[in-house]
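Sequence lines, in order, name chains A and B. Every letter in the first sequence is one number past the one before it in the working numbering, and letter 396, counting from 1, is 396. If you count the second sequence from 1, you need to add 454 to reach the working numbering. Each residue gets a CB set at the ideal place from its N, CA and C atoms; glycine is no exception. Because the structure is a prediction, the values reported are computed rather than measured. Reviewing the structure listed below.
Protein chains: 2
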Amino acid sequence: MTSPAVTRNLADWIVGVRDDDVPAEVRREGVRTFVNWAGCAVGGASHETVDAALRAVDPFSGPRKASVLGRSERLDVLHAALLNGISSHVLDYDDTHLKTIIHPAGPVASALLAVAEARPMSGRAFLTSLVVGVEVECRIGNAVYPDHYDRGWHITGTAGVFGAAAAVGRAIGLDTTRMQWALGLAATQASGLREMFGTMTKSFHPGRAAQNGAMSAFLAEAGYDSSLQGIEAPRGFANVLSDKQDYGEILDGLGRSWEAALNSYKPFACGIVIHPTIDGCQQLREELGERVSEIAEVRLTTHPLVLELTGKRTPKTGLEGKFSVYHSASCALLTGDGSPTAFTDEMVNRPDIMDLRDRVQATADPACHEASVDIELVFRDGSTVAKHIERAIGSREKPLSDEQVSAKFTHQAELVVGADQTRRILDAAWGVEDLADAGEVARTAATGARAAAE
Amino acid sequence: MTSPAVTRNLADWIVGVRDDDVPAEVRREGVRTFVNWAGCAVGGASHETVDAALRAVDPFSGPRKASVLGRSERLDVLHAALLNGISSHVLDYDDTHLKTIIHPAGPVASALLAVAEARPMSGRAFLTSLVVGVEVECRIGNAVYPDHYDRGWHITGTAGVFGAAAAVGRAIGLDTTRMQWALGLAATQASGLREMFGTMTKSFHPGRAAQNGAMSAFLAEAGYDSSLQGIEAPRGFANVLSDKQDYGEILDGLGRSWEAALNSYKPFACGIVIHPTIDGCQQLREELGERVSEIAEVRLTTHPLVLELTGKRTPKTGLEGKFSVYHSASCALLTGDGSPTAFTDEMVNRPDIMDLRDRVQATADPACHEASVDIELVFRDGSTVAKHIERAIGSREKPLSDEQVSAKFTHQAELVVGADQTRRILDAAWGVEDLADAGEVARTAATGARAAAE
């Protein structure tokens, strides 16, 4: 079985990228990726999922050198990577590489920022490693998507571990061979099943990918060897976890065309496939005013994947609501909300929202693009209104502006750490490239004694 | 897709097994499993693989409540589970569930003993949890073997994580629902690629399975929820990681017929498929005496899997030698050795052994059983001698006696901790069921201040 030296060439590139090799517009998207991630990590920090994870890992924490964003607890670097990865994903509000549905920042930024607290690095070096990590996971994702995802793998976990290993490995100065080992150790830990969607374990995936990726880099640094061909070997990652292997997606144009520049940021706190529906329902609500109370029926036509991923008819919890296009449509029409507050247990069980939810019909149509939706409202008087959403806000075609990224950050972080600290974290995150010590962002985002003293 | 409630019924059984439910002969095999594991963990403790892993994880260790067997370092429970799992496998000398080629004790005992040091349990309770963990991983392995293994998964890692979660979950008293969560968290971390064979990362698999399984149990205990059908769901473990799913292997006769009673212990420190060859070559050496120096050619006929797994023609390191049926045959004929000392860098590069190795021919014959071999020696004078090994020593048909298990333990442990401590560990391990505190075995097996004081 012949394949190019994928792992070696990729490792070569990872360790060789200099700060100046990353074009300004790619660095800019990297900063937006980082700001969006930090907002999500702070915004998710008070979630019960994070509480439970902290209860479990706290007794095993090593030297508490790293911050849990939005909280007062400190943990060792590896456990902080896990926790920040969990909180950044728990509201399903994070970033998306739309070609693969990878949420790139969770595994990479969670690992890298925790490492930066223990092994200081400049903001500029930090950002280069962040972009490199995102690039690696998205390219590996491209190589195996969609077969890999269709088989049942949660690609944010399985591809994400490579991104974390690459980012941390580059940041701590691995040579090519050790980077190959780190990628091999990542390959053998690539895991995460889509069966876990709708439970706390979904958020575990980016967290564990961050932790395992960082661990892979530290093991390689310590001389713990591994396969040199972990990605492409006959029994390596791509062949074992996928029926599709397109290595050109990994190596072609490396350093010239950037997947990391294609990242997008969710305006809504749920699976990306519901976004066109929420966008359309919000617009309809604006246009209809009072008439929204006269809706008899809502008819959605979507790509089959939308119902496969988010077809929960009667969600009982906020978390399940994120996987219900029915709840999302009803909630957006009646309240206009698509933020984390739209996906609380209370909102999912609100009688008027449940009532309209039960009158939402959804039809799967393979001819409908995954990122589009057709919405038809039928009113009590029999009249109808229709809306087609070609691409939702937050997509690559209609990206959030910097101001919208900041507003999203503020909206969710304020609920957790208040307005003053939110502003400080936001300023630090946007200015990460100018920091002498990137770990400062994490410390600014921690609560407790230090934050109170400021 | 209908399937029985595999995860729920299995979890129900795990949490319900009482000490008395495990028949005496199964408990006895459990003790043998534990003794063999402890010997391997101590025997492997001075290996460079363990040194490298310790360098990597030591900076992240939490409260040092658990021992690394055969060493003076102490680590938190999760990292101790990782390290003991690595050392118990690094010499490829551990136990084997022959139906699946799972090495059962590595994931289960490494996790459970580390937990027992922090959360004391009686030796009797410890042994029940150990047997339950082994039973769970072997049954899950049976359900997906051989497709799962053929696809490229290192089944000791992928099935092992369930065994560790079951053993630890039972030991810490999870209820059925939380045990289902623990199995779900294990399912989503089931990983380990066969591509890693021949590198340090192979031993990482049982270690990480131990660590991840224990973590799964602790997360579930803390209320971190997961799928209730992690094993059998359409996108659960069995469907995503295998094309074969035979759930009867998991549920049928649970508690009545015991896979844990079928464990076997390697007499030789290498892949089980080479054992018939070494056994035969040792016997031939005994029979031939001086004539062994007149061998011109060695002709082996084996099952194709033997060459697939151990077909390294020119191994350069001791570790590679374990994957070379050529080296193993030559070394057994010229030195009689199949223990860890047969697989050192020095032995693999000894001129006379290399010379005969290059004159070993191996032919794959699908008609030959995996556990059999035909050996033909051709002498310089043209004469030949043939030997057929139907089943090797150490197989279920020719199991090691308790005395042979002890001798194997002593042979390898003495090289690491000396004769006195070896005797103390061996006594403690054989007597584990009578201990008020099973963790005593781990403390007895640690070196350094405490051991020196005794």
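TODO: Check whether the Cβ of Q699/B lies closer than 7 Å to any Cβ atom in chain A.
DONE: no
Open item on the list: According to DSSP, simplified to helix, strand and coil, what is E454/A?
Closed with: Here the model assigns E454/A a pLDDT of 41, short of 50, so the residue's position is not dependable and the matter cannot be decided.
Task: Residues that DSSP places opposite H842/B in a beta bridge - done: D828/B
Open item on the list: So, at 7 Å on beta carbons, what are the nonlocal neighbours of S129/A in its own chain, with the 5 sequence-adjacent residues on each side left out?
Closed with: L112, A167, R170 and A171
Open item on the list: Here's a check: name, in chain order, each residue in its chain whose Cβ is nearer than 6 Å to the Cβ of S414/B, leaving out the five neighbours to either side.
Closed with: Residue coverage of chain B in this structure runs from 455 to 908, which leaves residue 414/B outside it and unanswerable.
Open item on the list: Given this structure, state the Cα-to-Cα distance separating V115/A from A125/A, to the nearest angstrom.
Closed with: 13 Å
- [ ] For N239/A, go through chain B and note every residue whose CB falls closer than 7 Å to its CB, in chain order.
- [x] G606
Open item on the list: Considering only the alpha carbon of each residue, which of R443/A, K266/A, L300/A and L69/A lies closest to Q361/A?
Closed with: L300/A
Task: Reduced DSSP secondary structure (H/G/I, E/B, other) of R8/A - done: helix
- [ ] Return the first residue and the last residue of the alpha helix (DSSP H) that A41/A is part of.
- [x] A24 to G43
Open item on the list: Assuming the contact rule is C-beta atoms closer than 8 Å, C138/A and H97/A should be a hit. Round their C-beta distance to whole Å, please.
Closed with: 5 Å
- [ ] Return yes when the Cβ of A619/B is within less than 7 Å of the Cβ of S670/B, no when it is not.
- [x] yes
Open item on the list: Between which two residues does the beta strand (DSSP E) holding V298/A run?
Closed with: I295 to T302
TODO: Can you grab the Cα-Cα spacing for the pair G418/A / A446/A, in whole Å?
DONE: 12 Å
- [ ] Could you please give me the residues that DSSP links to H97/A through a beta bridge?
- [x] I102/A and N263/A
Open item on the list: Counting only beta-carbon separations shorter than 7 Å, does F323/A have a partner in chain B?
Closed with: no
Task: Where I14/A falls: helix, strand or coil (DSSP) - done: helix
Task: Exposed unless 16 or more other CB atoms sit within 10 angstroms - verdict on K316/A - done: exposed
Task: For V132/A and V15/A, the rounded distance between their alpha carbons - done: 9 Å
TODO: Starting from A386/A, find everything on chain B with Cβ-Cβ shorter than 8 Å and list it in chain order.
DONE: Those within 8 Å of A386/A in chain B number zero; the least Cβ separation is about 34 Å.
TODO: Pull up the distance between the alpha-carbon of N9/A and that of V886/B, whole angstroms please.
DONE: 51 Å
TODO: Reducing DSSP to helix, strand and coil, say where V895/B ends up.
DONE: helix
- [ ] Please determine if the segment 829-845 of chain B and the segment 760-770 of chain B are in contact, where contact requires at least 3 C-beta pairs separated by less than 8 Å.
- [x] no
Task: Alpha-carbon spacing of M808/B relative to N142/A, whole angstroms - done: 45 Å
Task: Bridge partners - S324/A, DSSP secondary structure assignment - done: G311/A
Open item on the list: 7 Å is my cut-off, CB to CB: does A209/A come that close to chain B?
Closed with: no
Task: Identity of the residue in P340/A, L228/A and D76/A nearest D12/A by Cα - done: L228/A
Open item on the list: For the beta strand (DSSP E) containing T817/B, name the first residue and the last one.
Closed with: V814 to A818
Task: Pair within 7 Å by beta-carbon distance, L628/B and T201/A - done: no
TODO: Name, going along the chain, the residues of the segment 620-650 of chain B whose beta-carbon falls closer than 7 Å to a beta-carbon of chain A.
DONE: G638, L639, A641, T642, Q643, A644, S645, G646, L647, R648, E649 and M650
TODO: Identify the continuous alpha helix (DSSP H) that holds P805/B and give its terminal residues.
DONE: P805 to R811
Open item on the list: Using a 10 Å radius around the Cβ and a threshold of 16 neighbouring Cβ atoms, would you call A367/A buried or exposed?
Closed with: exposed
TODO: Could you please give me the residues that DSSP links to F379/A through a beta bridge?
DONE: I295/A
Open item on the list: Contact criterion: CB-CB distance below 7 Å. Does G560/B meet it with respect to chain A?
Closed with: no
TODO: Might you give, ordered along the chain, the residues of its own chain that have their beta carbon closer than 6 Å to the beta carbon of K852/B, omitting 5 neighbours on each side?
DONE: R845
- [ ] Answer with yes or no whether the minimum CB distance from A53/A to chain B is below 7 Å.
- [x] yes
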